[in-house]
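One structure is given here, and the rest of the page talks about it.
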DNA sequence: TGCTATATATCGGTGTTCTGAATATCGTCG
DNA sequence: CGACGATATTCAGAACACCGATATATAGCA
């Protein structure tokens, strides 16, 4: 799973959101480091819908603008939890090796 | 940076390694979850060499078999440290959101 | 001789993301 | 009224990393 996809799922943990709202949510979540492109977002949303990790949860019209809402499914939440555990384990291992590396070669 | 590339850099923190050794090192590092393909490895090694994150550090012939050694550069170690920090921050944020989500959510 | 392990290398195909443009509607400013 | 910015979505094309298959060669073992 790539970073944009991960962040989209994470943003949806807060509750159902529409596309444009996800753009700023992902931006916030990553402390501004990831500037999600619209093309990336809707591509990811389509992919995640097909694999059952998110669900379209109805449309709404606000000020004449069409909004498509997306909700995280239980499957999606579980997948995100697994991915988070996996990534954490990896990062911890790398951190340990980095500490050792610094000790051995000094700075 | 994707998982295989990340793991290659992490494996090189232990010291210079040749291609084939990296294959098993990455496998060990990921607890067998990532089975690095040769195509991925040499592709990554070429890329990382071009960007100055790893360096070819000489060849050796052992039992008639040619070995190309690769070493992590300081730039590469720094990049890996940054990536690790970045990934850790992301994972922590997701973990916090997941905990909130399980509790019954509503932000 | 054939099989396995070691060791390096290339190539085409695939999936995810990025780039960039196009479409549409509403509110506001001049 | 008409231009413009903000909101909201869609899509085509390219870039890039990864995967799987394939190829080469040496050494050891049955």
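Protein chains in written order, with this note's numbering: chain Y, 23 to 129; chain E, 23 to 129. Glycine included, C-beta positions come from ideal geometry on N, C-alpha and C.
Suppose the cutoff is 8 Å on Cβ atoms and the five residues either side in sequence are ignored; what does the same chain contact list for residue 129 of chain E look like?
Its pLDDT being 49, under 50, residue 129 of chain E is placed unreliably by the model, and the measurement read from it follows with that caveat. Only 122 meet the Cβ criterion.
For residue 27 of chain Y, does the count of other Cβ atoms within 10 angstroms reach 16, so buried, or fall short, so exposed?
buried
How far does the beta strand (DSSP E) with residue 80 of chain E in it extend, from its first residue to its last?
76-84
Does DSSP put residue 35 of chain E in a helix, in a strand, or in coil?
coil
Continuous beta strand (DSSP E) stretch holding residue 90 of chain Y: start and end:
87-94
Please compile the residues from chain Y whose C-beta is within a distance smaller than 9 Å of the C-beta of residue 32 of chain E.
112, 115, 116, 119, 120
Apart from the five residues on each side of it in sequence, which residues of its chain come closer than 7 Å, Cβ to Cβ, to residue 32 of chain E?
51, 102
When you compare only the Cα positions, how much space is there between residue 47 of chain Y and residue 107 of chain Y?
22 Å
Less than 8 Å between the beta carbons of residue 45 of chain E and residue 67 of chain E, yes or no?
no
In chain order, what residues of the segment 90-111 of chain Y put their CB closer than 9 Å to some CB of chain E?
94, 99, 102, 103, 105, 106, 107, 108, 109, 110, 111
Residue 40 of chain E versus chain Y: which residues are under 7 Å apart at the beta carbon?
Those do not exist, as residue 40 of chain E stays about 18 Å from chain Y at its closest Cβ, beyond 7 Å.
Are there 16 or more other CB atoms within 10 angstroms of the CB of residue 78 of chain E, so buried, or fewer, so exposed?
exposed
Straight-line Cα distance separating residue 112 of chain E from residue 23 of chain Y
13 Å
In chain Y, which residues lie with their C-beta within 9 Å of the C-beta of residue 51 of chain E?
112, 115, 116, 119
Chain E beta carbons: is any one of them nearer than 8 Å to that of residue 35 of chain Y?
yes
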